[in-house]
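Structure first, commentary second.
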Amino acid sequence: MLRMSARTDCSRNEAVIIRTSAILLALSAVAVFIMLLGHNPLSVYLSMIEGAFGSGYRITETIRKAIPLIVASLGISLAFRLKFWNIGAEGQIMMGAFGATFFALNFQNLPSVILLPLMGLASIICGGIWGAIPAYFRAKFRTNETIFTLMMNYIALKWLTYLQYGPWKDPGALGFPKIPGFTENAVLPAFFGLHIGWIIAVLLIVIMHIFVNHTKRGYEINVVGESENTGRYAGMNVKFIIIYTIFLSGGLCGLAGMIEASGVNKTLSVEITRGVGYTAIITSWLSSLRAPVIAIVCILFAAMIQGGTFIQMAFQIPQSAAQILQGMILFFVLGSEFFIKYKISIINDNKAEANQ
Amino acid sequence: MDISFFAAAVVAGTPLLYAILGELITEKSGQLNLGVEGMMLMGAVIGFKMAIITGNPYLALLGAMAAGGFGAIIYAVLTVTFRANQVVSGLTLTIFGTGFASFMGQGLMGEIVPPDMKLFFADFKIPFLGDIPILGQIFFNQGILVYSGYLLTIIAGLYIYRTQIGLNLRAVGENTAAADAAGIHVSLYKYVHVIIGGVLCGLAGAYLSLVYIPSWQENVTAGRGWIAVALVIFCKWNPYRVMMGAFLFGGLDIIGFRIQKFDIHISQYIIDLLPYIVTIVILILVSVRKSHSGSAPASLGVSYFREER
Chain B
1 MLRMSARTDC SRNEAVIIRT SAILLALSAV AVFIMLLGHN PLSVYLSMIE
51 GAFGSGYRIT ETIRKAIPLI VASLGISLAF RLKFWNIGAE GQIMMGAFGA
101 TFFALNFQNL PSVILLPLMG LASIICGGIW GAIPAYFRAK FRTNETIFTL
151 MMNYIALKWL TYLQYGPWKD PGALGFPKIP GFTENAVLPA FFGLHIGWII
201 AVLLIVIMHI FVNHTKRGYE INVVGESENT GRYAGMNVKF IIIYTIFLSG
251 GLCGLAGMIE ASGVNKTLSV EITRGVGYTA IITSWLSSLR APVIAIVCIL
301 FAAMIQGGTF IQMAFQIPQS AAQILQGMIL FFVLGSEFFI KYKISIINDN
351 KAEANQ
Chain R
357 MDISFFAAAV VAGTPLLYAI LGELITEKSG QLNLGVEGMM LMGAVIGFKM
407 AIITGNPYLA LLGAMAAGGF GAIIYAVLTV TFRANQVVSG LTLTIFGTGF
457 ASFMGQGLMG EIVPPDMKLF FADFKIPFLG DIPILGQIFF NQGILVYSGY
507 LLTIIAGLYI YRTQIGLNLR AVGENTAAAD AAGIHVSLYK YVHVIIGGVL
557 CGLAGAYLSL VYIPSWQENV TAGRGWIAVA LVIFCKWNPY RVMMGAFLFG
607 GLDIIGFRIQ KFDIHISQYI IDLLPYIVTI VILILVSVRK SHSGSAPASL
657 GVSYFREER
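Heads up: the protein sequence lines correspond to chains B and R, in order. Taking the working numbering, the leading residue of the first sequence gets 1, the next gets one more, and so forth. Taking the working numbering, the leading residue of the second sequence gets 357, the next gets one more, and so forth.
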């Protein structure tokens, strides 16, 4: 007979081994799927790797895709620490990009050194407010934040659509619905061949690691996330902690939107997020919400996305295969966490009876 | 507003009806499955693909149900057997389902449902009932899937409130440990009802792609799965209220086209926002009034592990 019991002795190494084998299992499950499609899974995987890391240009592209993912994942991990299921990153990214674009379009004469920080600040505030609205209702009335934040995504999407097809439509685009491109002073400068968003991402990883593990505010977030009552008995202002943490969470996602708009697209469009808001949910959970791990996982996921576009050209496998692969990996890792938390032992029934 | 508006609201509300019923039955067993949107998309794409390949409406619906059920099985294995976090598992199912649908839907863009299948889903009048003034025109001049939606609602109500199995199901959702002690096979109940929920969500998706649209387009659900999750709260986990919630939102869904006809100048974008904003308002009202929260299954979203009591 199988018997499960809780385990407390799972070392970090064991946990890493269990998670890694889960990812390998996911890869093999998808391999079977690829075989059913009539391709050789090994060559598909290899060309994915080649597409993501095969040349200097491709590596830069992979990291370019990883940057918004890292920044948004850091934001989401903050909310998840509170057990606040913020799935509104998509909308927060859009609103952040909106705030940044507002300054980029209306203050074109400002020098870069003033304009870019203004855009960054605007994106943090817009994304933050987009997160803080559901957080306020959650803190005050325990309103379901999962659905609330998701509905906010659709509202943000419709808002951008309205802008793109209405007031912000580029008059110079001959009726084509697009928002005008940014002027040069509103574009993030490059540093070592890539826009400086990567420096922002690295800085944020360090700051987040210190904030969560070595500051009083970060400690409060961890306590309230474990148990709101414990926080309350300890005299913490739980409502305030929820609201400002989610403001920060949304603000980071908003900043990711600014980085995308200013550093990559040099304009705003309804496709600004490219699903980053949803992928970031997966990456932050896979990283156990730890900032340094987020960096690694996000680069791997960006490689999957980048490699996904490559296999689309090489094998005519649709790009959405990468999305399926991501989902599968998370399925397997979620399942594997059981073996970190519980252990299964086989009990010999006869022996148990004999002892009675 | 004329009667045709209300009849159209019923049509637009029917996919919601199936999805809400599915999620409601799932939640009665204590499992919070946020993968509704994903399962709907899986059902929508497989149903549509089967319709194109076989031309047989039964096979199309069966395929959609199987696809939704398949998604639900993944969720059930993760959350019931492996006790994974229900919120994250459901979210992952939605992400997976979205990818699955866009993968499978490759090349279906622009295809339309075969005409003889449209006939199968076409409206027909129910004798006597269809002759009732106003009500008959609204409710009983509809397609086969609308009628089966009514029927399912009644069956779900009877099942949950009037049968032994339904009682056991509610016990599992309210107090899992007590149900376990009473000899109810907790995992089996959870599995079965999560899967029933997924099957219904698959049907909801098929209704969208086969009857409501009826051609293939990327992301046919457009957030309806999430609205369904919210409406379960609105319906206070009571199957008899599901119809009201579904048709109300069906009306919100189509009000935009109607208002244009009456020459009222409200921006299309604001009208498009209505279902999402009303969902938020309902969520807030429900949580402010607190009265509804008591009707949620007490063990909703909590993983059950016998030895952790």
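Every residue, glycine too, gets a C-beta built ideally from N, C-alpha and C. All of these numbers come straight from a predicted model, not from anything done at the bench.
- Task: Answer yes or no: do residue 562 of chain R and residue 473 of chain R have a C-beta to C-beta separation smaller than 9 Å?
- Result: Contact: no.
- Task: Return the residues of the stretch 575-595 of chain R that lie within a Cβ-Cβ distance of less than 9 Å from chain B, sorted by chain order.
- Result: 578, 579, 582, 583, 585, 586, 589
- Message: What are the residues in the stretch 332-349 of chain B lying within 7 Å of chain R by C-beta distance?
- Response: Answer set for the stretch 332-349 of chain B: 334, 335, 337, 338.
- Query: According to the neighbour-count rule (16 or more other Cβ atoms, all chains shown, within 10 Å of its Cβ), is residue 68 of chain B buried or exposed?
  - Reply: Buried.
- Kindly list the residues whose CB is nearer than 7 Å to the CB of residue 273 of chain B, restricted to its own chain and excluding five residues on each side of it in sequence; keep chain order. 90, 93, 94
- Message: Distance cutoff 9 Å, beta carbons only. Does residue 597 of chain R sit that close to anything in chain B?
- Response: no
- Query: Counting Cβ pairs closer than 8 Å, one from the stretch 277-285 of chain B and one from the stretch 78-90 of chain B, do we hit at least three?
  - Reply: yes
- Message: If distances are taken between C-alpha atoms only, which option among B:295, B:52, B:104 comes closest to residue 204 of chain B?
- Response: B:295
- Just the chain B side, please: which residues come within less than 8 Å of residue 628 of chain R by C-beta, in chain order? Chain order gives the chain B residues near residue 628 of chain R as 158, where near means a beta carbon separation below 8 Å.
- Locate the alpha helix (DSSP H) running through residue 545 of chain R, then write down its first and last residues. 542-562
- Query: In this structure, what does DSSP give as the bridge partners for residue 194 of chain B?
  - Reply: According to DSSP, residue pairing for residue 194 of chain B in a beta bridge involves B:191.
- Query: Using a beta-carbon distance cut-off of less than 7 Å, what residues from the stretch 418-430 of chain R approach chain B?
  - Reply: 430
- Query: Quick one: what's residue 6 of chain B bridged to in DSSP?
  - Reply: B:342
- At a cut of 8 Å, does the stretch 46-62 of chain B reach the stretch 236-249 of chain B through at least three beta carbon pairs? Result no; under three Cβ-Cβ pairs closer than 8 Å.
- Do you know offhand how far residue 654 of chain R's Cα is from residue 566 of chain R's? 37 Å
- Length at least 4, wholly inside the stretch 82-131 of chain B: the alpha helix (DSSP H) runs in chain order: 89-106
- Taking only beta-carbon atoms, is residue 467 of chain R less than 9 Å away from chain B? no
- Task: Work out the CA separation of residue 341 of chain B and residue 11 of chain B for me, nearest whole Å.
- Result: Take the alpha-carbon of residue 11 of chain B and the one of residue 341 of chain B: they are about 11 Å apart.
- Task: Would you check if the distance between the CB atom of residue 338 of chain B and the CB atom of residue 440 of chain R is smaller than 9 Å?
- Result: Yes; because the gap between Cβ atoms is below 9 Å, this pair is in contact.
- Task: Measuring only between beta-carbons, confirm whether residue 352 of chain B sits less than 9 Å from chain R.
- Result: Its pLDDT being 48, under 50, residue 352 of chain B is placed unreliably by the model, and the measurement read from it follows with that caveat. So no, residue 352 of chain B is outside the interface.
- Going by beta carbon distance, what residues of the same chain come within less than 6 Å of residue 30 of chain B, once the five residues before and after it are set aside? So the qualifying residues of the chain are 325, 328.
- Exposed or buried, what is residue 609 of chain R when buried is set at 16 or more other beta-carbons lying within 10 Å of its beta-carbon? buried
- Query: Got a sec: is the Cβ-Cβ distance from residue 534 of chain R to anything in chain B below 9 Å?
  - Reply: False, the Cβ-Cβ gap to chain B never drops below 9 Å.
- Message: Rounded to whole angstroms, what is the Cα-Cα separation between residue 72 of chain B and residue 606 of chain R?
- Response: 34 Å
- Is residue 113 of chain B buried or exposed, if buried means 16 or more other CB atoms sit within 10 Å of its CB? exposed
- Is the Cβ-Cβ distance between residue 163 of chain B and residue 37 of chain B less than 9 Å? no
- Within 9 Å, strictly: CB atoms of residue 602 of chain R and residue 376 of chain R: yes
- Message: Tell me which residues share the same chain as residue 588 of chain R and place their Cβ nearer than 7 Å to its Cβ, disregarding the 5 neighbours each side in the sequence.
- Response: 376, 379, 380, 383
- Which runs of the alpha helix (DSSP H) spanning at least 4 residues fall entirely within the stretch 400-475 of chain R, listed in chain order? 413-432, 442-460
- For the stretch 160-178 of chain B against the stretch 128-141 of chain B, are there 3 or more C-beta pairs whose distance is under 8 Å? no
- Interface partners of residue 144 of chain B on chain R, CB under 9 Å: 585, 586, 589, 639, 642, 643
- Is there at least one Cβ from chain B nearer than 9 Å to residue 564 of chain R's Cβ? No, residue 564 of chain R does not count as interfacial toward chain B.
- Count the C-beta pairs between the stretch 248-259 of chain B and the stretch 118-130 of chain B that are closer than 8 Å, then say yes if the count reaches three, no if not. A contact exists between the stretch 248-259 of chain B and the stretch 118-130 of chain B.
- Query: According to the Cβ coordinates, are residue 186 of chain B and residue 255 of chain B closer than 9 Å?
  - Reply: no
- Quick one: grab the DSSP three-state call for residue 144 of chain B. coil
- Does the beta-carbon distance from residue 312 of chain R to residue 151 of chain B come in below 9 Å? Examination of residue 312 of chain R is not possible in this model, given that chain R is present from 357 through 665 alone.
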